[in-house]
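Each remark here refers to the structure printed beneath this line.
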Amino acid sequence: MATQSIATQAPARRRQAGWLVPAGLIFVSLIPVIFGSLRMAELTGGAPVTPANARFFASPIPVMVHIPAAILYSLLGAFQFVPGLRRGRSGRTAWHRAAGVVLIPAGLLVALSGLWMAAFYDLPQGDGPALFILRLIFGTAMLASIILGVRALARRRYQHHGAWMTRAYAIGIAAGTQALVSIPWMVLAGQPGEAGRALLMGAGWVINVAVAEYAIRRRRLGAAPAAPRRPQQMRQQR
Numbered sequence: 000m001a002t003q004s005i006a007t008q009a010p011a012r013r014r015q016a017g018w019l020v021p022a023g024l025i026f027v028s029l030i031p032v033i034f035g036s037l038r039m040a041e042l043t044g045g046a047p048v049t050p051a052n053a054r055f056f057a058s059p060i061p062v063m064v065h066i067p068a069a070i071l072y073s074l075l076g077a078f079q080f081v082p083g084l085r086r087g088r089s090g091r092t093a094w095h096r097a098a099g100v101v102l103i104p105a106g107l108l109v110a111l112s113g114l115w116m117a118a119f120y121d122l123p124q125g126d127g128p129a130l131f132i133l134r135l136i137f138g139t140a141m142l143a144s145i146i147l148g149v150r151a152l153a154r155r156r157y158q159h160h161g162a163w164m165t166r167a168y169a170i171g172i173a174a175g176t177q178a179l180v181s182i183p184w185m186v187l188a189g190q191p192g193e194a195g196r197a198l199l200m201g202a203g204w205v206i207n208v209a210v211a212e213y214a215i216r217r218r219r220l221g222a223a224p225a226a227p228r229r230p231q232q233m234r235q236q237r
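By numbering that gives the first Met the number 0, the letter at position 195 of the sequence shown is numbered 194, and the numbering carries on one by one without gaps.
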C-alpha cells in the first residue's frame, strides 16, 4: 500500500513542479504587463502630453502594436514551458502547436515594433548611445531567433526549434528582469545615469539569455540517448 501511494504521488509532484517555471515567468512579466497596460490607457484615454510620453503620442501605432503583442507573448508563452503541454497526449501537443501559431506572429510583432521604436523614436531621458545599441542588438537577436526557430520547425528539427524559441522568449520578457534588477539600484543609489541605465538594462538581457542557455543545455542533456553498454561491461555485471 505504501509503495502504491508513493508511486501515485510521484507523478502528481512532477506535474506540480512543471508549473513552477511558467508561474515564475508570469511573475517576471507582471511589471511590464502592468506598466504597458497603464501606457495603453494613457494613450487611449486622452492623457496630457508630457516629455516622457510625447514620442508615443507623436507616433502611437508602433507602441500600440508593441504592448498588446508583448503582453500576449509573455503570458501565453509561459505555458509553452509546461512539460505536459509540450508532449504526451495528442490534445496536449495540439495545444502547444495552436499556441505557437499565435506566439510566432506575436513575437515577430514585438521584435519588429521594438526595433522600429528604438530606431525612430527620440531617445527618452536617461537613455544614451550605449543603450540604443543594446536595444538594436537584442531586438535583432530576438527577431533572428524566431526566424531560425520557424526554419527549424519547417525542417522538423524540433529540438533546435525549441532552443531558438526559448532564446527569443528570454529576450522578449527581459523587461521584467530589467525592472527587478533596477529597483534595488534605485532604492539604494537613486536614479541611474546613462551608463548605469545601460548597465542595468544590459544585465537584464544577459541574465535572461544565460538562464535560457542553461535551460536549453539541461533539456538537451535530458533528451540525449544513453550510450550503449559494451559487451565486456555486460559480462562483468553478470
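Cβ atoms here follow ideal geometry from the backbone N, Cα and C, with glycine treated the same way.
Here the alpha carbons of residue 32 and residue 202 stand approximately 20 angstroms from one another. Here residue 103 carries a helix assignment [DSSP, helix/strand/coil].
Comparing C-alpha distances from residue 18 to each of 159, 75, 82 and 140 shows the shortest one belongs to 82. The stretch 127-138 and the stretch 146-153 do not touch, with fewer than three beta-carbon pairs separated by less than 8 angstroms. Secondary structure note for residue 55: its alpha helix (DSSP H) is the uninterrupted segment 53-57. About 7 angstroms separates the Cβ atoms of residue 135 and residue 114, confirming a contact at the 8 angstroms cut-off. Here the stretch 135-144 makes no contact with the stretch 47-61; the two share fewer than three CB pairs at distances below 8 angstroms. For residue 21, the enclosing alpha helix (DSSP H) has its first and last residue at 19-43.
Per DSSP, the unbroken alpha helix (DSSP H) holding residue 166 starts and ends at 157-171. Looking only at 69, 221, 104 and 94, the smallest Cα-Cα distance to residue 28 is reached by 69. In this structure, residue 208 and residue 169 form a Cβ contact; the two beta carbons are roughly 6 angstroms apart against a cut-off of 8 angstroms.
Rounded to the nearest angstrom, the gap between the Cα atoms of residue 191 and residue 179 is 14 angstroms. Judged by beta-carbon spacing, residue 164 lies beyond the 9 angstroms limit of residue 182, meaning their Cβ atoms are not closer than that value. By the CB criterion at 9 angstroms, residue 30 and residue 175 fall inside the cutoff. By a beta-carbon distance limit of 8 angstroms, residue 120 contacts residue 54. Their separation comes to about 5 angstroms.
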